[in-house]
């Protein structure tokens with residue numbers, strides 16, 4: 001990123017942090033958490049210990065970070081190197097990202113930037129200018145991406161509540177600031193679980209590793225009575241609703257499943273994970289030492305805020321997570337796909353100088369699709 | 374500590390403090406080497422150990438968990454405690470492991486039977502209490518099943534390789550896993566073995582007891598025959614690793630989990646970070662500094678010092694990284710591929 005772009009982003013981010021201290025709060029058990037931050041064009045600084053909101057605000061003002069992070073884990077000594085921190089426990093966290101949902105719409109709003117010649121195009125396989133396959137892909141997510149991500153959050157919440165006995169109030173959903181949602185689970189029985197156990201939880205949530213016997217299908221002499229009922233709870237219930245479709249079809253479908261045999265049943269289960277499993281990023285959940293984007297902080301991939309979603313169904317990130325100012329700024333934009341922010345349509349721009357509000361300029365500069373002119 | 378009755382001591386003799394129990398009964402250890410009346414207990418201890426070295430479970434004289442005569446109870450407990458004494462005198466670690474496993478499986482049978490006794494609440498309560506006191510698992514009986522908190526279930530089941538033990542293959546509701554008596558007990562088999570093993574390890578080693586010499590030397594020679602066989606490897610990479618290398622060679626994107634698998638596999642085969650790093654050169658997002666940092670982290674040469682191991686085949690299946698072929702021959706981790714016993 002160019003010097004003047006970095007300066008512009010730093011000034012804008014600093015102003016945001018100064019104006020919005022109210023949005024950036026330290027989590028509970030502050031002094032047991034590890035904090036970290038990144039600056040534009042620079043590496044990660046972590047193993048920082050902070051006592052309260054005041055210290056956090058001071059850090060933001062002093063360093064003007066591009067991204068701020070805080071551990072989901074609690075340690076005795078959060079500022080020491082990892083193996084000396086003395087891990088105590090960690091909140092259960094989930095990351096749902098539109099890019100992992102394999103959505104049809106995605107190909108319509110991906111822009112690639114060639115690492116070799118910097119050419120920007122909508123061709124995602126190879127550079128349209130020099131044919132290189134080393135492309136940096138930038139997504140400008142659409143409403144469909146956000147709605148699909150919300151749907152995954154609902155699937156996850158349903159499993160957490162019904163199967164894992166988590167209280168609705170202990171599930172906190174945040175817009176990640178870019179293309180998805182971060183879900184935190186507090187006060188659960190899972191606080192002290194290690195990485196391997198959390199990995200098992202992710203397989204459960206994603207419907208990975210199911211065997212036919214769990215759903216009543218045996219290799220030899222399968223018995224109709226052991227197949228799930230339509231109204232059952234848990235995965236057996238979700239399986240029946242998806243596979244039978246309706247209560248009245250149960251008998252007919254079971255006959256079909258038995259006729260098709262054990263291997264075919266296994267294939268049905270494997271295929272089902274894409275439909276009924278919640279599409280979370282398992283690597284995030286199983287990492288018990290992760291520093292996770294701090295709520296209220298800005299995401300340097302977009303300039304949008306990681307913000308708490310009070311009412312997920314009505315939440316519109318491109319309105320409710322955009323907090324930067326509206327001062328007009330002139331940029332040289334090369335953004336071949338249009339986007340919406342605060343109910344205003346921007347672009348497409350083809351290597352042209354435009355005067356646009358700061359929040360939209362930041363959005364494009366963060367995605368390397370514009371520079372200050 | 375639990376208050377146990379005599380029958381319970383016979384079923385779960387590892388709950389007794391060995392030295393204290395013998396002392397309470399008024400039998401100093403040396404007496405067992407010479408007193409003909411105590412000989413049956415010593416012979417039974419020897420037999421109990423021999424059966425465990427053969428991979429079997431010693432068949433006790435209890436009938437349905439009850440002793441027909443009072444002396445049977447004593448022999449049951451004495452023989453267990455004397456077996457520990459014999460293990461300590463041999464100093465053979467293999468014997469500790471085999472005996473602990475065999476005794477764990479024996480106790481497992483009793484616990485399973487006790488948990489399954491729908492009509493005898495006291496027996497069920499005791500089994501539940503043993504599981505709670507020894508392993509910290511809160512078990513609640515609900516109809517014909519036992520409920521265990523999901524977190525407790527995971528802590529114990531996570532080391533099992535059979536797919537049926539994956540959480541997805543269990544009935545889970547309201548934060549609890551529902552298990553049959555058999556599965557409840559199976560869940561703690563390993564810990565039961567570890568518990569009994571630690572009891573043996575922590576027991577003091579007595580001086581040689583006159584009359585025990587022959588048994589001790591016979592046990593030592595049995596253990597020596599149990600020495601592990603050597604393995605040889607074909608040196609060929611398993612299909613999952615070959616696939617990952619092919620993806621990278623084509624300049625395609627290998628997901629993070631695939632890179633983790635490839636790096637940890639090659640590290641476990643003794644390759645250095647510098648040897649592995651060039652493999653990732655063709656990755657679309659290749660960055661030498663980041664690659665070296667991550668490889669060093671996995672090798673344990675930077676960061677926490679933890680050396681990461683290659684994920685299991687089970688895990689790779691769920692990550693769509695498994696491309697099993699018949700030569701995989703039911704291995705549970707890619708690093709076992711091509712190994713043959715000779």
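Chains as they are written, first to last, in the working numbering: chain S, 1 to 373; chain F, 374 to 715.
Just so it is clear, CB atoms sit at the ideal spot from N, CA and C, and this is done for glycine as well.
Where residue 180 of chain S and residue 151 of chain S are concerned, what is the direct C-alpha to C-alpha distance, given to the nearest angstrom? 11 Å
Excluding the 5 residues preceding and the 5 following residue 3 of chain S in the sequence, name in chain order all residues of the same chain whose CB lies nearer than 8 Å to its CB. none
What are the partner residues of residue 87 of chain S, as DSSP defines its beta bridges? S:75
Alpha helix (DSSP H) segment containing residue 18 of chain S, residue limits: 3–19
For chain S, is any of its Cβ atoms less than 7 Å away from the one on residue 540 of chain F? yes
6 Å Cβ shell around residue 481 of chain F - same chain, five flanking residues per side excluded: 558, 562
Consider the Cβ of residue 208 of chain S: report whether some Cβ of chain F lies at a distance smaller than 7 Å. yes
What did DSSP end up calling residue 573 of chain F once you bin it into helix, strand or coil? helix
From the DSSP output, in three-state form, read off residue 710 of chain F for me. coil
For residue 353 of chain S, which three-state DSSP category applies? strand
Determine the chain F residues that contact residue 88 of chain S at a beta-carbon separation under 8 Å, and present them in chain order. Neighbours of residue 88 of chain S on chain F: none; closest Cβ ~15 Å, over 8 Å.
Give, in chain order, every residue of the region 355–373 of chain S whose Cβ lies closer than 7 Å to some Cβ of chain F. none
Name the chain F residues whose beta carbon is nearer than 9 Å to that of residue 190 of chain S? 523, 524, 527
Which same chain residues end up closer than 8 Å to residue 447 of chain F when comparing Cβ atoms and leaving out the 5 residues on each side of it in sequence? 398, 414
Going by DSSP, what residue range makes up the beta strand (DSSP E) through residue 174 of chain S? 171–175
Over what stretch of residues does the alpha helix (DSSP H) that includes residue 182 of chain S continue unbroken? It is not in any alpha helix (DSSP H) - residue 182 of chain S instead sits in the beta strand (DSSP E) that spans 180–185.
Would you mind telling me which residues of chain F sit closer than 7 Å to residue 233 of chain S, beta carbon to beta carbon, in chain order? 546
Kindly indicate the opening and closing residues of the beta strand (DSSP E) around residue 293 of chain S. 291–293
How big is the Cα-Cα spacing for residue 538 of chain F and residue 660 of chain F? 40 Å
Output, in sequence order along the chain, the residues in the region 15–30 of chain S whose CB is closer than 7 Å to any CB in chain F. none
Can you list the residues of chain F that residue 134 of chain S reaches, using a CB-CB cut of under 7 Å? 657
State the start and end residues of the unbroken beta strand (DSSP E) segment that holds residue 370 of chain S. 370–372
Is DSSP giving residue 278 of chain S helix, strand or coil here? coil
Please tell me whether residue 305 of chain S has its Cβ less than 7 Å away from any Cβ of chain F. no
How would you label residue 258 of chain S, buried or exposed, when you count the other beta carbons within 10 angstroms and need 16 or more for buried? buried
How about residue 566 of chain F and residue 474 of chain F: do their beta carbons lie closer than 7 Å? yes
If you drop the 5 nearest sequence neighbours on each side, which residues of the same chain put their C-beta closer than 7 Å to that of residue 26 of chain S? 50, 52, 53, 56
Sheet register partners of residue 298 of chain S (DSSP bridge): S:305
Is residue 272 of chain S close to chain F, meaning its C-beta is less than 7 Å from at least one C-beta of that chain? no
Chain S residues whose Cβ lies nearer than 7 Å to that of residue 691 of chain F: 203, 208, 209
Cβ distance (whole Å) where residue 460 of chain F is taken to contact residue 468 of chain F below 8 Å: 5 Å
Using a threshold of 7 Å, state whether the C-beta atoms of residue 253 of chain S and residue 262 of chain S are closer than that. no
List the residues of chain S that residue 629 of chain F touches, going by C-beta distances under 9 Å, in chain order. 283
Going straight from the alpha carbon of residue 650 of chain F to that of residue 665 of chain F, what length do you get? 7 Å
Terminal residues of the beta strand (DSSP E) in which residue 49 of chain S lies: Segment: none, residue 49 of chain S is in no beta strand (DSSP E) and carries neither H nor E.
Do you know how far the Cα of residue 276 of chain S is from the Cα of residue 242 of chain S? 8 Å
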